[in-house]
Amino acid sequence: MDSIQADRLVGKCPTVSAYVAGFKVNCLVDTGSTVTTVTESFYNRFLRRCTDLQTDITFNLKGANGTCIPYIGYVEVDIDIMGQRLPNRGVLIVKDPIDSYTQSKLLRHLWDKGWTPINIIELNTYLGDYANRVDAKLLLEGFTFGFRIQYEGPRISTTAKNLVSAEIHKFETLAKLHDEVKLGRILGPFSKKPISTLLISPIGLVQKPDNGWRLISHLSYPSGETIDCIIFFDVYQSFWHHFVPCGVNPYHKE
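Heads up: the sequence shown begins at -6 in the working numbering, then just goes up one per residue.
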């Protein structure tokens, strides 16, 4: 097929200029689509500060080829396009595609330490007069270089499905994961396992008294084959001895 025939058969994408919440964008007009979408990166750059992300929707979004399109929620914004204003239109926020560059960038930070709110310099000052020098060293080195959990089990990879709470509150879970990534506490997402011996634990949500959500990891799954089961019991006894005198026994029943 020569270039002249190709030009006659393949047209240009029908893009037009539009204003989304007052921000000028070049958008694709698809008359066959039933939804309006923007990427998560666009949302974070332009809309995050001026709109509230809504997560109270549960439906499967699919492309023309049947492929599922992940999204984190939606916002309601005014859209100005082709001389018309469409007030309070729902716009889905779809996840950014994970390309090879993004994956390689993530892998470069795979072994970076997670962020901690503990001020190491201040901690070192307070621990200077701490009577138990062994524990002082343990705390300082732990918050500086990371704590060892005394895992002595096999180095094998496992998989797991998330808890029911994560499936029921899917969008709240995605929002919490996004916040954790933004705060530097976790890294991802990855298109495949970044570590060959990665142990995957189910995650879920627990509602807080203020109606917020707490993200949890089920480290005791599956029963008898988990990280918890292989950590030496005397480690727990040691921590229990130090912490129980400081507060109420959480397992005590009236």
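Even glycine gets a Cβ: it sits at the ideal position worked out from N, Cα and C. Bear in mind that the values here come from a model prediction, so they are computed numbers and not experimental data.
Buried versus exposed call for Ile111 [16 or more other C-beta atoms within 10 Å across all chains shown]: exposed
Ser97 in three-state terms, based on DSSP: helix
Runs of alpha helix (DSSP H) wholly within the stretch 132 to 194 (minimum 4 residues, chain order): 157 to 161 and 163 to 175
Anticipated Cβ contact below 8 Å, Val9 with Ile74, distance rounded: 7 Å
N- and C-terminal bounds of the beta strand (DSSP E) containing Asn125: Counting along the chain, Asn125 falls outside any beta strand (DSSP E), and DSSP gives it neither H nor E.
Exposure of Tyr64, with buried meaning 16 or more beta-carbon neighbours within 10 Å: buried
Residue range of the beta strand (DSSP E) that includes Gly15: Taken as a continuous stretch (DSSP letters only), Gly15 belongs to no beta strand (DSSP E), as it is neither H nor E.
Nearest candidate by alpha-carbon position, reference Thr270, set Gly135, Phe183 and Ile50: Examination of residue 270 is not possible in this model, given that the chain is present from -6 through 247 alone.
Which of helix, strand or coil DSSP assigns to Thr44: coil
Buried/exposed call for Val84, threshold 16 Cβ in 10 Å: buried
Touching by the beta-carbon criterion (3+ pairs, under 8 Å), the stretch 112 to 126 and the stretch 171 to 180: no
Where Ser34 falls: helix, strand or coil (DSSP): helix
Cα-Cα separation, His211 to Pro187: 20 Å
Environment of Ser194 [buried if 16+ CB atoms lie within 10 Å]: buried
Other residues of its chain near Leu46: CB distance less than 8 Å, five sequence neighbours each side excluded: Tyr36, Ile65, Gly66, Tyr67, Val68, Ile86 and Ala168
DSSP state of Leu103 mapped onto helix, strand, coil: coil
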